[in-house]
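Number of protein chains: 2
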Amino acid sequence: MGSGKGNVTIKDISLKCGVSVATVSKALNHYGDIAPETAELIRKTAREMHYIPNTAARQLKTNTSHNIGVLFVDEMNSGLTHEYFSGILDAARAEAEGLGYDITFIGKNMGGRPMTYLEHCQYRKVDGVLIANVDFSDPGVVELVRSGLPVITIDYAFDSTSCVMSDNMEGCYALTSLLIEKGHRKIAFIHGERTSVTNKRLVGFNRALRDHGIEPDDRYIVQGRFHDPKKSREATRYLMELPDPPTVIMYPDDFSYIGGMTELEKMGLSVPQDVSTAGYDGIPISQFLRPKLTTYHQDAEQIGKVSVRKLVETIENKKTCIPEEISVSGYVLEGTSVASLQAAP
Amino acid sequence: MGSGKGNVTIKDISLKCGVSVATVSKALNHYGDIAPETAELIRKTAREMHYIPNTAARQLKTNTSHNIGVLFVDEMNSGLTHEYFSGILDAARAEAEGLGYDITFIGKNMGGRPMTYLEHCQYRKVDGVLIANVDFSDPGVVELVRSGLPVITIDYAFDSTSCVMSDNMEGCYALTSLLIEKGHRKIAFIHGERTSVTNKRLVGFNRALRDHGIEPDDRYIVQGRFHDPKKSREATRYLMELPDPPTVIMYPDDFSYIGGMTELEKMGLSVPQDVSTAGYDGIPISQFLRPKLTTYHQDAEQIGKVSVRKLVETIENKKTCIPEEISVSGYVLEGTSVASLQAAP
DNA sequence: CTTTGTTGCGAAAACGATTTCGAAAGAATG
DNA sequence: CATTCTTTCGAAATCGTTTTCGCAACAAAG
């Protein structure tokens, strides 16, 4: 049934109902100047005939696609295979679908020929774009953000657009505080690249130390990389070979911790007896590791959802919608990777 | 620069070049009946004016979108957050982009109102669709497969369409054989739901046993679920509490193994001293676990790539392209989770 | 000088929707 | 009855592209 090649169009409906195509279009779009009975008849027959609007035609005329672009980093396996981001993407997809939007990936080339992100967006006529996990200093990204196309950035703030942030400062503050309350004083922090996320975490970290009267120790702050187990192995070894090693190491993310964990093991150190550890992200697997990882869970689902909501809001009320920074809070997931040091000051 | 709202169209080019829009279109599409110099001039000015074709208009006229749909399961966190599938998706995205196709997610509702997968595909006018990790007996999926739209399924074979399969039979054969060569005889197999993937693995498993003269033992074959650590914890406990427990347990996937691992630990059993283990998938994290997991690496990247290639081939040569089953082979990743039992028969 | 064949190009009709503007018919008003 | 509003609808233009078909112009052939 319904195997006919040509899909049913607005014209077919108009013929069947004995009205013009204009009337059909207006009825379907709930215009005010159509008699209620006529409109109902039209909508009913449209349903019966399994009418599906032709997006291309609509898009051509209205210049809107009901399609939002998603710009995640491609290269390396840090884009879709990063659980935090794939969680965001998955939630975003679901939310967009509910709001009547589809999602299209935006890349930097198309059919061999290179293309800027903006051009790709124009090519697909996306109504807005969600940007996450990219190098925000990339000229292509900046061009896109400046283009006037509705944009939401995730975990990075431009002042011209709205952004959704995980509560990195509060999260890192809470996590650090927990460690301190457990009696730790020599707290190492392997952080990620110097992005705004890292900066916020450092602020939270330092604030927690200060609020508890602890002097920050530069030797314990070392730069690693997000989602890079190798880099964090190196950093872990460096830290544990210090003359006065830390009693706990905070990692930039759970995945990086896995690298550190193997290095500690290789050094014959066990967690949490010899050294405590904490992650960040709270990805599912972290709770299946032994010892169960103490980590800060970022609410990826909520972040994806909120991002799309805000983006659609921006798209649909472009003039009245002012840029806003939305923070989504997570919570500490307490595992067994942090030992309680009873030696009080 | 280029901040004008209206994009440059084929008409602008025709004006600038003093030719008709028809000529421009033909030049841009490399038709034969345009003088080489004229064509070159047109293409040059198009480039200079930063012309971007309007996909909507083209799509409306040609009824092709250069857009492929992707149908991954949504609900639960087994879709995008499953590393095997997100690896496939990422590779597919990259390959599609190179071939001039964009990717759009296909869902089962649109803007609140429910919609079949097929309707969604028609709505977005995707040229073809990639299906993976879904319930292949779902009527909506079957409808889509039967619709005549070019379709590629991953890890499941319909006879009307092409499919790309990981070499489950060979993979499971190789993995099982390795265990046997290590001296294991009492080999347990926690397998996934009864899908064609599971069936193929069971064939490989049984064949390996038979080829080595080992009698299969039904008690050691238990049904778990893919990507479900809880289920595999139960199965693990069940197996290890048997009067005559196995010496090695094979899991349906690496993620499930993590569940089993925690259960073994809770039972006071250590790997591989007390029992050996093997996973499946070879996701990155498996190689950072201690002990490093022995597993079969499925080449997700290659699978994604090949799937898109075949799909595009099907789209572009719809008549001449015959359904085909493509197998992508992986390899054993040998870790330290399997003990060598020197007790030969 | 006619006929036939090439070659290069353009006019115009689609594709399927949206939207403006006005027309017709009936209702309300004077 | 004439006039003015409302209400309900339709004709037609439009979005940007592709594609068919035919028209010139000019060369080759008779």
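Taken in sequence, the protein lines are chains A and B.
Residue numbering for the first sequence follows our numbering, beginning at 454 and increasing consecutively.
Residue numbering for the second sequence follows our numbering, beginning at 454 and increasing consecutively.
Cβ atoms here follow ideal geometry from the backbone N, Cα and C, with glycine treated the same way.
The structure displayed is predicted, hence computed values, not measured ones.
Of all residues in the region 551-565 of chain A, only G551, L552, G553, Y554, D555, I556, T557, F558, I559, G560, K561, N562, M563, G564, G565 come within less than 9 Å of chain B when Cβ atoms are compared, listed by chain position. With respect to D608/B, A585/B sits close: the two C-beta atoms are nearer than 8 Å. Beta-carbon to beta-carbon, L583/B and A545/B are separated by about 6 Å, close enough to satisfy the 8 Å threshold. Beta bridge pairing from DSSP links F642/B with I674/B, M703/B. If you draw a straight line from the Cα of G657/B to the Cα of V617/B, it is about 18 Å long. Straight across, the Cα-Cα distance linking G713/A with F741/B is about 9 Å. Around the beta carbon of S729/B, a 10 Å sphere encloses 16 or more other beta carbons of the protein chains shown; the residue is thus reported as buried.
Within the region 678-693 of chain A, contact with chain B at the beta-carbon level (separation under 8 Å) is assigned to P682.
Judged by DSSP in its simplified three-state form, Y609/A adopts coil rather than helix or strand. When secondary structure is reduced to three states using DSSP, M618/A falls in the strand class. A distance of 8 Å or more separates the beta carbons of G721/B and Y704/B. Taking the beta carbon of L513/A as reference, the chain B residues within 8 Å of it are N507, A509, A510, L513, listed in sequence order. Contact annotation: the region 785-792 of chain A touches the region 622-641 of chain A, with at least three C-beta pairs closer than 8 Å. Two segments are said to touch when three or more pairs of C-beta atoms, one from each, lie closer than 8 Å; by this definition the region 583-602 of chain A does not touch the region 590-600 of chain B. Of the other Cβ atoms in all chains shown, 16 or more fall within 10 Å of the Cβ of A547/B; this residue is therefore buried.
Nearest to I667/B by alpha-carbon distance, out of K683/B, H644/B, K639/B, is K639/B. With contact defined as three or more Cβ pairs closer than 8 Å, the region 469-488 of chain B and the region 737-752 of chain A are not in contact. Distances from the CA of I643/A to each of S739/A, Y710/A, D612/A, K561/A were compared; the closest alpha carbon is that of Y710/A. Beyond the five residues adjoining it in sequence on each side, M502/B comes within less than 8 Å, by CB distance, of V461, D465, I466, K469 in the same chain, given in chain order.
For a Cβ distance threshold of 7 Å, residue set F741 of chain A lies close to G712/B, ordered along the chain.
The DSSP assignment places complete alpha helix (DSSP H) segments of no fewer than 4 residues inside the region 476-556 of chain B at 489-501, 508-515, 536-551, in order along the chain.
Here V781/B is near V759/B, since their CB atoms are less than 8 Å apart. Residues of chain B whose Cβ lies closer than 8 Å to the Cβ of Q575/A are, in chain order, N460, I505.
Listed in chain order, the non-local C-beta contacts of T498/B below 7 Å within the same chain comprise I466, K469, C470, local neighbours out to five positions each way being set aside. If you check the CB distance, I559/B and V523/B come in under 8 Å. Classified as buried, L662/A has 16 or more neighbouring CB atoms from the shown chains inside 10 Å of its CB. Between L695/B and R672/B, the C-beta gap is smaller than 8 Å, which places the two residues in contact. In this structure, T508/B lies near R577/A, with their beta-carbon atoms less than 8 Å apart. A residue is called buried when at least 16 other Cβ atoms come within 10 angstroms of its Cβ; H637/B meets this threshold and is buried. With respect to the C-alpha of Y570/A, the residue from F538/A, L552/A, A610/A, F525/A having the closest C-alpha is F525/A.
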